[in-house]
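Novice: Residues 0 to 291 (numbering that gives the first Met the number 0) make up the sequence shown, in order.
All C-beta atoms in this analysis are idealised placements derived from N, C-alpha and C, irrespective of residue type, glycine included.
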Amino acid sequence: MDSQLEVFVTVAELENFSRAAERLHMTQPAVSQYIKVLEKSMDARLFDRSNKYVRLTQAGEIVYHHAKEIIGLYTSMHALIDDLTNKASGTISIGASYTYGEYVLPEVLKRLKEEAPEITPSVTIGNTKEICKLISDYRLDIGIVEGEVKDENITVEPFETDELYVVSSPDSLTSREGNFSPEELEEETWIVREEGSGTRRISEKFFSSAGILPVSRLEFGSTQLIKEAVEAGLGIALLSRWTFKKEVIAGDLAIVNVEGLPVQREFSLISRSLFRSKALEIFVEKVKRGGK
0 MDSQLEVFVT VAELENFSRA AERLHMTQPA VSQYIKVLEK SMDARLFDRS
50 NKYVRLTQAG EIVYHHAKEI IGLYTSMHAL IDDLTNKASG TISIGASYTY
100 GEYVLPEVLK RLKEEAPEIT PSVTIGNTKE ICKLISDYRL DIGIVEGEVK
150 DENITVEPFE TDELYVVSSP DSLTSREGNF SPEELEEETW IVREEGSGTR
200 RISEKFFSSA GILPVSRLEF GSTQLIKEAV EAGLGIALLS RWTFKKEVIA
250 GDLAIVNVEG LPVQREFSLI SRSLFRSKAL EIFVEKVKRG GK
């Protein structure tokens, strides 16, 4: 791989020549020389520099985007060639949205470690929008998200259906017999995820299809915080069945029977590369088997 690109990407991400030199085990003058040679070959200034900051120029942003793709493709190529003669091993970079990443992925990784200890997973957790961006930039080998993926450059492979229910604290809405209509819940405080989350997108679709506009909302960037808020009686939430199993069994949360629910959505594997290493294939198999 071109060392100039590796040095350039490191400087761009750390926004500091000294820290980049430390990360790369190089001297700062050597790092500066690499950048100087790259800028000369591009016939463009790639960084704006001062005593206070190092920032990418517009040309630098273009080079950074493509450099990340080149590095990602090189790494993938190296892994695939290595697969021809060696057993599955090495690092695979995985991205997962919060629901899957926090509540399902740990069990998958446990089984992976038991059956293929030579494989080292590196995991990034974010909302669906963030994971799609990292996949698009070749910064992850594979992602697991819920909901729609609109980037036409990303390959989407649905593998499991998820179900979402309305949950509340045990001593509130569930005391009533029979089903609630969505209209009856319009006056409740709905606790929702942040914009960009797959769960938030499904919640908005549910509100739209049910023809309701919640009067009051609270927004949190974590499903765990939402569950704690619901337990405290601050409102109700539409959540994946994967996220509240333990709380329902323990009696800390309760499912509210609502007409038209559960809402169904799909978990999908997403990627950009046309090829998968042996290590990645083994991981995908584990995902499709649900860690079993």
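In the DSSP output, what is residue 254 paired with across the bridge?
Specialist: Residue 254 sits at position 255 when you count from the first residue of the sequence shown. Residue 254 pairs with 166.
Novice: Check each candidate in 18, 45, 232 and name the one with the smallest Cα separation from residue 58.
Specialist: Against the sequence shown, residue 58 aligns to sequence position 59. The option with the nearest alpha carbon to residue 58 is 45.
Novice: Taking buried to mean at least 16 other C-beta atoms within 10 Å of its own C-beta, is residue 166 buried or exposed?
Specialist: Looking up residue 166 in the sequence shown gives position 167. It is buried - the Cβ of residue 166 has at least 16 other Cβ atoms within 10 Å.
Novice: According to DSSP, what are the bridge partners of residue 189?
Specialist: Your numbering for residue 189 matches position 190 in the sequence shown. DSSP, once it has assigned bridges, lists 216, 235 as partnering residue 189.
Novice: Check the C-beta distance from residue 121 over to residue 90 and give it rounded, since I have them as a contact under 8 Å.
Specialist: Looking up residue 121 in the sequence shown gives position 122. Looking up residue 90 in the sequence shown gives position 91. Residue 121 to residue 90, Cβ: 6 Å. Contact.
Novice: Which two residues bound the contiguous beta strand (DSSP E) that contains residue 95?
Specialist: Residue mapping note: residue 95 aligns to position 96 of the sequence shown, counting from 1. Element bounds for residue 95: 89-96.
Novice: Any idea what DSSP makes of residue 58, helix, strand or coil?
Specialist: Along the sequence shown, one-based indexing puts residue 58 at 59. In the structure shown, residue 58 sits in a helix (DSSP, three-state: H, G or I).
Novice: Nearest-angstrom Cα distance between residue 13 and residue 53?
Specialist: Within the sequence shown, numbered from 1, the residue matching residue 13 stands at position 14. Within the sequence shown, numbered from 1, the residue matching residue 53 stands at position 54. Computed Cα separation, rounded: 9 Å.
Novice: Where does residue 123 fall in DSSP's three states?
Specialist: Taking the sequence shown and counting its residues from 1, one reaches residue 123 at position 124. Reduced to three states, the DSSP call for residue 123 is strand.
Novice: In terms of residue numbering, what span does the beta strand (DSSP E) encompassing residue 142 cover?
Specialist: The count along the sequence shown starts at 1 and reaches residue 142 at position 143. Looking at the DSSP string, the run of the beta strand (DSSP E) that includes residue 142 is 141-145.
Novice: Does the beta-carbon distance from residue 20 to residue 29 come in below 9 Å?
Specialist: As a first step, residue 20 is located in the sequence shown; it is residue number 21 there, counting from the start. As a first step, residue 29 is located in the sequence shown; it is residue number 30 there, counting from the start. Yes. Within cutoff.
Novice: Report yes if the C-beta distance between residue 146 and residue 190 is below 9 Å; otherwise report no.
Specialist: In the sequence shown, residue 146 corresponds to position 147, counting from 1. In the sequence shown, residue 190 corresponds to position 191, counting from 1. No, the pair does not count as a contact, with Cβ atoms beyond the cut-off.
Novice: Could you please give the first and the last residue of the uninterrupted beta strand (DSSP E) stretch that includes residue 264?
Specialist: Here residue 264 refers to the residue found at position 265 when the sequence shown is read from its first residue. Counting along the chain, the beta strand (DSSP E) containing residue 264 begins and ends at 262-270.
Novice: Compute the beta-carbon to beta-carbon distance between residue 11 and residue 72, rounded to the nearest angstrom, for a pair I have assumed lies under 8 Å.
Specialist: Here the question's residue 11 lines up with position 12 in the sequence shown. Here the question's residue 72 lines up with position 73 in the sequence shown. That belief does not hold up - the Cβ atoms of residue 11 and residue 72 are roughly 18 Å apart, past 8 Å.
Novice: Out of curiosity, what's the CA-to-CA distance linking residue 126 and residue 143?
Specialist: For the purposes of this step, residue 126 is taken as the residue at position 127 of the sequence shown. For the purposes of this step, residue 143 is taken as the residue at position 144 of the sequence shown. Roughly 10 Å between the two C-alpha positions.
Novice: So, is residue 9 buried or exposed, given that buried needs 16 or more other C-beta atoms within 10 angstroms?
Specialist: Counting from one through the sequence shown, the residue named residue 9 turns up at place 10. When all chains shown are included, residue 9 counts as buried.
Novice: Tell me whether residue 166 counts as near the ligand COA, meaning its Cβ is closer than 8 Å to at least one heavy atom of that ligand.
Specialist: The ligand COA is not part of this structure, which contains no ligands at all.
Novice: Assign residue 51 to one of two classes, buried (16 or more other C-beta atoms within 10 Å of its C-beta) or exposed (fewer than that).
Specialist: Stepping through the sequence shown from its first residue, residue 51 is reached at position 52. Residue 51 comes out exposed.
Novice: Candidates 265, 206, 219, 247: which alpha carbon is nearest residue 259's?
Specialist: Taking the sequence shown and counting its residues from 1, the one referred to as residue 259 is at position 260. When only C-alpha atoms are compared, the closest one is 206.
Novice: Count the CB pairs spanning the region 157-165 and the region 221-234 that are closer than 8 Å, and state whether there are at least three.
Specialist: Verdict: no, contact absent.
Novice: Let me know the secondary structure DSSP gives residue 153 once reduced to three states.
Specialist: Counting from 1 along the sequence shown, the entry for residue 153 is found at position 154. It is coil, neither helix nor strand.
Novice: For residue 269, tell me which candidate among 178, 92, 80 has the shortest Cα-Cα distance.
Specialist: Within the sequence shown, residue 269 is the residue found at index 270, counting from 1. Looking at the Cα atoms, 92 is the closest of the given residues.
Novice: Where does residue 288 land, buried or exposed, given buried means 16+ other C-beta within 10 angstroms?
Specialist: Numbered from its first residue, the sequence shown carries residue 288 at position 289. With fewer than 16 Cβ atoms within 10 Å of its Cβ, residue 288 is classed as exposed.
Novice: Would you call the CB atoms of residue 153 and residue 135 closer than 9 Å?
Specialist: Taking the first residue of the sequence shown as position 1, residue 153 is located at position 154. Taking the first residue of the sequence shown as position 1, residue 135 is located at position 136. Contact flag set, yes.
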